[in-house]
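Residue numbers (our numbering): 434 to 587. Have a look at the structure below, then the notes.
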């Protein structure tokens with residue numbers, strides 16, 4: 434078996450036969466387990482159509498998801514307005530928005546941004562039924578050169 438075959442688990446040790454005998458729910462459960470081990474437990478935030486599989490909606494505490502979208506120069510986040518808008522605290526890193534006291538008091542919510550944003554220049558404005566946060570996109574991407582070395586033992 435060559436080195437590349439060792440990297441892929443499919444068709445080794447009867448994997449295909451085992452999967453063919455599984456029920457669809459078992460296959461889905463296996464895939465979700467593999468995805469969470471590779472991407473982390475909160476991977477479903479990055480895949481919008483899979484959140485209900487890992488975390489079924491709970492009626493007593495439903496998470497409020499903001500609308501996040503980007504243009505060429507900006508990243509916008511729009512969250513619904515609650516009665517505790519005065520108590521909201523907004524923080525951000527280059528890749529993440531952190532909202533304290535949202536959706537309930539003494540709770541903290543974190544949301545990944547689709548593009549890196551600048552540390553300065555963010556604005557928040559309050560509308561009738563939502564709060565809109567505008568970030569300036571960070572357009573300075575650093576690049577590094579990768580050297581190619583010759584192998585002698587092939």
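Note that beta-carbon positions come from the ideal geometry of N, C-alpha and C, so glycine has one too.
- By the beta-carbon neighbour count (other beta carbons within 10 angstroms, threshold 16), residue 566 is buried.
- In the DSSP assignment, residue 511 forms a beta bridge with 500 and 565.
- Residue 511 and residue 544 have their C-alpha atoms roughly 12 Å apart.
- Contact between residue 497 and residue 536 holds: their C-beta atoms lie close to 4 Å from each other, under 8 Å.
- Residue 522: member of the beta strand (DSSP E) spanning 522-525, first to last residue.
- For residue 582 and residue 454, the gap between their C-alpha atoms comes out near 45 Å.
- For residue 537, there is no enclosing beta strand (DSSP E), as DSSP marks it with neither H nor E.
- Within its own chain, the residues whose Cβ lies closer than 7 Å to the Cβ of residue 452, once the five positions on either side in sequence are excluded, are 460, listed in chain order.
- Between the alpha carbons of residue 450 and residue 520 lies a distance of about 56 Å.
- Between residue 531 and residue 538, the C-beta gap is not smaller than 8 Å, which leaves the two residues out of contact.
- In this structure, the straight-line span from the alpha carbon of residue 555 to that of residue 469 is close to 32 Å.
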